[in-house]
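Enquirer: Residue numbers (the numbering used here), protein chains in the order written: chain A, 1412 to 1474; chain B, 2 to 468. Think of the CB as a built atom: it goes at the ideal place given N, C-alpha and C, for glycine as much as any other residue.
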Amino acid sequence: MTEKKPPTLEEFRVRAALTGLPLTPEDIEHLHKGYAGLLSLMERIPTRWAWAAEPPHVFRADE
Amino acid sequence: MSKRSTSDLTALSIAEAGSLMARGEVTSTALTEAFLARIAAVDHKIASFVTLTADKARNAARQADMELSQGVRRGPLHGIPIGLKDIYETEGVLTTGHSHLRADYVPAVDAETVRRLKAGGAVILGKLATHEFANGAMTPDQPFPPARNPWNTAYQPGGSSSGSGAAVAAALCMGAMGSDTGGSIRNPAGFCGTAGIKPTYGLVSRCGIFPLSFSFDTAGPLAWTVEDNALMLDVLAGYDPNDQGSAKAPKVDYGASTQRPIEGMRIALARTWYEGNLTADMAKGMDEAVRALRDQGAIVEEVVFPDIWDYHVCGRVVITVEAHAIHRQEVIETPEKFGYTTRRRFQLGAFLTAEEYLRALRFRRKLQVDTRAAMRGYDLIMAPNQWGPPEIFEEPQEIFHFLGKPSLSMPFNVTGQPALTVCCGFGIDGLPLAFQLAGRPFDEASVFAAGSAYERATPWRLRRPTL
């Protein structure tokens, strides 16, 4: 499930360390802002789906 | 054969040039030389080409002329000079993605689309500027200068197919290939005043084109007129077993579809997506475009579709995760080689979870179904192409640009429908305005019919930028 509250910069730094990416402090600040913004937008995406609702692995526009 | 000036030749449409060549009134060599001369004269002002392949173009033009003299015409692009966004792999020709990471990359094989263009007799003039890997903004830390808008070089041309839009508008090639993952054909087409189509997902092969997001990546053309886009798609469309997303769609004569009458065609206007948020010029352009289509006999009615933000966030999550997966290794090993905006856009996907990604994909299917339901009884959807004018050249784009306004082009990347950009006039600043027409999946023919009818009824194709 998505976290409802965006992480603080400190919490985000901890998470960033687990990504395997070599990030500068400036990268982390930008990414924190981007992530918090995206997380807020993602509240529009429903969290509850029928358990068997299958995502389109190979999308076909004419299905 | 009548003598035509260079400017006469470069102002021709693909359809006009094709007719003249078929009648022996113009040669491909003359056309190609006219475009090479114009590129030499003006491209330094807009930086649309990153690699020019003049010798190869001259050879291809000679071959096209020789074949024509023997009565062989391969199709509507025979002898037609075009350009390629620099993410299309080209045999023996540098393909950089506008990035230091591919600064020396020379592919051994053409992309399938390039193969089709060459087999159709097209003359490739060279490779065109792009936002880095079709995703990053234009930043000064990239290996080539960013393209500028030919209508006013103080503005950006839009992107990511920035060079494609700029070159077509500036009459530096008759058509260009772009790619559209979240609007990257339609955005520069709109801001540069050309036409451009994102075909139905699966209609045109992506094999040999640098990927950004497998679920959304779409290849397509930009050209000055809707009819020219249709002629390019006639050559480009078709099944490719080497592209996992490729569809086996019936062959359609897109060029012929541009002559279809649109009387009685039903168009759903997605007014709720933009009401109250367009600039005054753009709102006026939309209203007048609706009126022009009604004058042609189309029935335009307002229809409520899912919220524009739903498409926007769905698309952005999928693109962010897939782009990260594609570029992860280089983002880890050589982050300094990316532009500073591109790098951060590619890093962000590392913070999204698998569940969030799959939720966005499930949402995609729901939006596709809901859009189809809302469109029931209509042939096309009509919406603005852009909120207002392009960004100023000197103002760098926000790193996470998607946190501002929602993308007006993203709905049709999410649904996979074909979507065409059509110029609908100019603002008081002289910059182009544009709207979109989207059709049912694989019904590019209706999109072209309406777009072409609109162009014939309006004077906008007569105005070109002066450089």
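Classify tryptophan 1462 of chain A as buried or exposed, calling it buried when 16 or more other Cβ atoms lie within 10 Å of its own Cβ.
Expert: Here residue 1462 of chain A is taken as the residue at index 51 of the first sequence, counted from 1. With fewer than 16 Cβ atoms within 10 Å of its Cβ, tryptophan 1462 of chain A is classed as exposed.
Enquirer: Less than 8 Å between the CB atoms is what I'm expecting for proline 151 of chain B and alanine 130 of chain B, so what's the real figure, rounded?
Expert: Position 150 of the second sequence holds residue 151 of chain B. Position 129 of the second sequence holds residue 130 of chain B. With a Cβ gap of about 12 Å, proline 151 of chain B and alanine 130 of chain B do not count as contacting.
Enquirer: Does chain A have any CB closer than 8 Å to the CB of phenylalanine 192 of chain B?
Expert: Translated into the one-based positions of the second sequence, residue 192 of chain B becomes position 191. No - not a single Cβ of chain A is within 8 Å of the one on phenylalanine 192 of chain B.
Enquirer: What residue range does the alpha helix (DSSP H) around methionine 233 of chain B cover?
Expert: Translated into the one-based positions of the second sequence, residue 233 of chain B becomes position 232. 227-237 is the span of the alpha helix (DSSP H), which, as asked, contains methionine 233 of chain B.
Enquirer: Less than 8 Å between the CB atoms is what I'm expecting for threonine 416 of chain B and isoleucine 320 of chain B, so what's the real figure, rounded?
Expert: As a first step, residue 416 of chain B is located in the second sequence; it is residue number 415 there, counting from the start. As a first step, residue 320 of chain B is located in the second sequence; it is residue number 319 there, counting from the start. Contact flag wrong, Cβ pair sits at about 15 Å.
Enquirer: If you measure between the beta carbons of leucine 1434 of chain A and glutamine 348 of chain B, is that distance less than 8 Å?
Expert: By 1-based counting over the first sequence, the position of residue 1434 of chain A is 23. By 1-based counting over the second sequence, the position of residue 348 of chain B is 347. In contact: leucine 1434 of chain A and glutamine 348 of chain B (Cβ atoms closer than 8 Å).
Enquirer: Name, going along the chain, the residues of the segment 364-380 of chain B whose beta-carbon falls closer than 9 Å to a beta-carbon of chain A.
Expert: Taking 9 Å as the Cβ-Cβ cut-off against chain A, the residues of the segment 364-380 of chain B that qualify are Phe364, Arg365, Arg366, Lys367 and Gln369.
Enquirer: Kindly indicate which three-state DSSP category aspartate 406 of chain B falls into: helix, strand or coil?
Expert: Counting from 1 along the second sequence, the entry for residue 406 of chain B is found at position 405. According to the sequence as given, residue 406 of chain B is lysine; it is not aspartate. The answer is coil: DSSP assigns lysine 406 of chain B none of H, G, I, E or B.
Enquirer: Since proline 82 of chain B is in the alpha helix (DSSP H), which residue starts that stretch and which ends it?
Expert: Start at 1 with the first residue of the second sequence, and residue 82 of chain B comes out as number 81. No alpha helix (DSSP H) contains proline 82 of chain B, which is instead part of the beta strand (DSSP E) from 82-86.
Enquirer: Under three-state DSSP, which class holds phenylalanine 36 of chain B?
Expert: Mapped onto the second sequence, residue 36 of chain B falls at position 35. Looking at phenylalanine 36 of chain B - three-state DSSP - the assignment turns out to be helix.
Enquirer: Quick one: grab the DSSP three-state call for arginine 149 of chain B.
Expert: Taking the second sequence and counting its residues from 1, one reaches residue 149 of chain B at position 148. Arginine 149 of chain B falls in the coil class under three-state DSSP.
Enquirer: Answer with buried or exposed for glycine 277 of chain B, where buried requires no fewer than 16 other C-beta atoms within 10 angstroms of its C-beta.
Expert: Locating residue 277 of chain B in the second sequence gives position 276, where the first residue counts as 1. That one is exposed.
Enquirer: Check each candidate in B:Asn243, B:Val448 and B:Thr140 and name the one with the smallest Cα separation from aspartate 380 of chain B.
Expert: Reading the second sequence from its first residue, position 379 is the one you call residue 380 of chain B. Ranking B:Asn243, B:Val448 and B:Thr140 by Cα distance to aspartate 380 of chain B puts B:Val448 first.
Enquirer: Hey, proline 471 of chain B and threonine 33 of chain B are a contact pair by Cβ (cut 8 Å); roughly how many whole angstroms apart?
Expert: As displayed, chain B neither begins before 2 nor continues past 468, which places residue 471 of chain B out of reach and without an answer.
Enquirer: In chain order, which alpha helix (DSSP H) runs of at least 4 residues are fully inside the segment 85-163 of chain B?
Expert: The qualifying runs are 113-120.
Enquirer: Can you grab the Cα-Cα spacing for the pair threonine 7 of chain B / valine 332 of chain B, in whole Å?
Expert: Taking the first residue of the second sequence as position 1, residue 7 of chain B is located at position 6. Taking the first residue of the second sequence as position 1, residue 332 of chain B is located at position 331. Straight-line Cα distance between these residues: approximately 46 Å.
Enquirer: So alanine 65 of chain B and glycine 80 of chain B are in contact, right, with Cβ under 8 Å, and what is the actual spacing, rounded?
Expert: Taking the second sequence and counting its residues from 1, the one referred to as residue 65 of chain B is at position 64. Taking the second sequence and counting its residues from 1, the one referred to as residue 80 of chain B is at position 79. Yes, they are in contact, since the Cβ atoms of alanine 65 of chain B and glycine 80 of chain B sit about 4 Å apart, within 8 Å.
Enquirer: Listing by chain order, which chain A residues have their CB less than 7 Å from the CB of alanine 351 of chain B?
Expert: Counting from one through the second sequence, the residue named residue 351 of chain B turns up at place 350. Those are Thr1430 and Leu1432, listed as they occur along chain A.
Enquirer: If you follow the beta strand (DSSP E) that alanine 224 of chain B is in, where does it begin and where does it stop?
Expert: As a first step, residue 224 of chain B is located in the second sequence; it is residue number 223 there, counting from the start. Per DSSP, alanine 224 of chain B belongs to the beta strand (DSSP E) from 220-224.
Enquirer: Let me make sure I understand the geometry here. Which of B:Arg116, B:Thr201, B:Glu133 and B:Val305 has the alpha-carbon closest to that of tryptophan 102 of chain B?
Expert: Position 101 of the second sequence, counted from the start, is the residue given in the question as residue 102 of chain B. A small fix is needed here, since residue 102 of chain B is leucine in this sequence, not tryptophan. Out of B:Arg116, B:Thr201, B:Glu133 and B:Val305, B:Glu133 has the C-alpha closest to the C-alpha of leucine 102 of chain B.
Enquirer: Does DSSP put glycine 431 of chain B in a helix, a strand or coil?
Expert: The residue given as residue 431 of chain B occupies position 430 in the second sequence. Coil.
Enquirer: Name the residue from B:Asn136, B:Ser410, B:Met178 and B:Asp311 whose alpha carbon lies nearest to the alpha carbon of aspartate 229 of chain B.
Expert: On the second sequence, position 228 is the one that residue 229 of chain B refers to. Per the Cα distances, B:Met178.
Enquirer: Taking only the alpha-carbon atoms, compute the straight-line gap between glycine 98 of chain B and phenylalanine 211 of chain B and give it to the nearest angstrom.
Expert: Counted from its first residue, the second sequence places residue 98 of chain B at position 97. Counted from its first residue, the second sequence places residue 211 of chain B at position 210. Spanning the two alpha carbons is a distance of roughly 7 Å.
Enquirer: Sort B:Leu78, B:Cys174, B:Arg441 and B:Asp111 by Cα distance to glycine 93 of chain B and report the nearest one.
Expert: By one-based count along the second sequence, residue 93 of chain B stands at place 92. Of the candidates B:Leu78, B:Cys174, B:Arg441 and B:Asp111, the one whose C-alpha sits nearest the C-alpha of glycine 93 of chain B is B:Asp111.
Enquirer: Hey, how far is the Cα of alanine 224 of chain B from the Cα of glycine 1431 of chain A?
Expert: In the second sequence, the residue the question calls residue 224 of chain B occupies position 223. In the first sequence, the residue the question calls residue 1431 of chain A occupies position 20. Near 43 Å, if we compare the C-alpha coordinates of glycine 1431 of chain A and alanine 224 of chain B.
Enquirer: Whose C-beta lies closer than 6 Å to the C-beta of proline 144 of chain B among residues of the same chain, with five residues either side of it excluded?
Expert: Locating residue 144 of chain B in the second sequence gives position 143, where the first residue counts as 1. For proline 144 of chain B, where only same-chain residues beyond five positions count, the Cβ hits under 6 Å are His101 and Ala104.
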